[in-house]
Amino acid sequence: MNTVLFISGHPDDHMTGAGFLNKLRKKGYELFEVVLTGGSGGYANPEDKDKIVDIREKEFSEASNLIGMKKTYLLNYDEHCLLMNKDNVEALVKIIREVNPNIIIIPNRDDYHETHLETNRIATKSIRTAMKERKLEFGKPVSPLMVLEWEHSVPKQPDLIVDITDEWPLKEKLLEVYKSQLNDVEVQKTKSLNQYRGAMIGVKYAEAFKTNRFLPLRIDKILGLI
């Protein structure tokens with residue numbers, strides 16, 4: 007069975023690649039996601055501050071069902087002091103080896119958001135460890151064919167652009183689910199970014215990704231997908 011593991015810093019980060027995830031699900035891939043923090047620092051309405059973690063968890067559960075996630079892992083680390091360490095790397099290594107993903111999608115290494123940057127560092131270290139003959143008590147080494155980095159609100163030079171025009175109605179539903187995070191400006195920003203990427207390849211909506219510079223594509227395996 008082909009599997010995808012999406013690694014997030016916050017419960018709503020899968021919005022960045024939801025179109026691609028749905029496209030893969032329709033191709034027969036099983037979808038998994040691990041979220042490192044509860045996202046206690048993010049709220050569009052100040053009145054939600056004291057209950058935001060619970061709100062975000064409920065929104066995440068609804069959105070995950072819409073996307074079709076087979077299983078999700080909520081690690082609930084404190085967003086305000088998230089730093090790579092032995093415990094969070096080992097926790098992620100266990101999950102990576104349990105899922106044994108063909109494709110792994112992580113935050114962009116050049117993102118401006120501190121939690122996304124640290125999640126990229128933790129994910130990259132964990133993936134590299136999970137691929138080697140190390141920490142065998144956590145399972146057998148994995149061999150993903152690609153590790154991609156999703157694009158947040160700041161456009162980067164992409165290595166892969168995916169047409170998500172058919173998936174856009176789903177993404178609009180997800181934008182409605184995450185009311186605690188997205189005001190009208192944020193919704194328009196997401197739509198505009200996907201339209202901009204779509205214009206680059208001659209379609210209405212698209213999502214962009216970069217390859218991870220420390221984890222090159224497995225061309226021998228990718229050729230089998232063409």
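Each residue of the sequence shown is one higher than the one before, counting from 7 in this note's numbering.
Glycine included, C-beta positions come from ideal geometry on N, C-alpha and C.
In three-state DSSP terms, what is M206?
-> M206 falls in the helix class under three-state DSSP.
Do the CB positions of A129 and V99 come within less than 8 Å of each other?
-> With contacts defined as CB atoms closer than 8 Å, A129 and V99 fail to qualify as a contacting pair.
Under 8 Å between C-beta atoms of I111 and P150 = No, these two residues do not count as a Cβ contact at 8 Å.
Compute the Euclidean distance between the alpha carbons of H16 and T43, then round it to the nearest angstrom.
-> The C-alpha of H16 lies about 6 Å from the C-alpha of T43.
At least 3 beta-carbon pairs within less than 8 Å: the region 65-84 vs the region 23-40 = Enough Cβ pairs lie closer than 8 Å, so yes.
Buried versus exposed call for N126 [16 or more other C-beta atoms within 10 Å across all chains shown] = So N126 counts as buried.
Per DSSP, K77 forms a beta bridge with which residues?
-> Looking at the DSSP assignment, K77 forms a beta bridge with F38.
Tell me whether the beta-carbon of L154 lies closer than 8 Å to the beta-carbon of T217.
-> Annotated as proximal: L154 and T217, with beta-carbon spacing under 8 Å.
Alpha helix (DSSP H) containing S132: first to last residue?
-> It spans 120-136 - the alpha helix (DSSP H) in which S132 sits, taken as one unbroken run.
Within this structure, are the beta carbons of N114 and K162 separated by less than 8 Å?
-> At a Cβ-Cβ threshold of 8 Å, N114 and K162 count as neighbours.
Go to F26, then tell me how far its alpha helix (DSSP H) extends in each direction, as first and last residue.
-> Counting along the chain, the unbroken alpha helix (DSSP H) around F26 starts and ends at 24-32.
Beta-carbon gap between T121 and L89 smaller than 8 Å | Result no, Cβ atoms of T121 and L89 do not sit closer than 8 Å.
Can you tell me whether I101 is buried or exposed, with buried defined as 16 or more other CB within 10 angstroms of its CB?
-> By the neighbour-count rule (16 or more Cβ atoms within 10 Å), I101 is buried.
Helix, strand or coil: how does DSSP classify S186 here?
-> DSSP, reduced to helix, strand and coil, places S186 outside both helices and strands of the structure shown, so it counts as coil.
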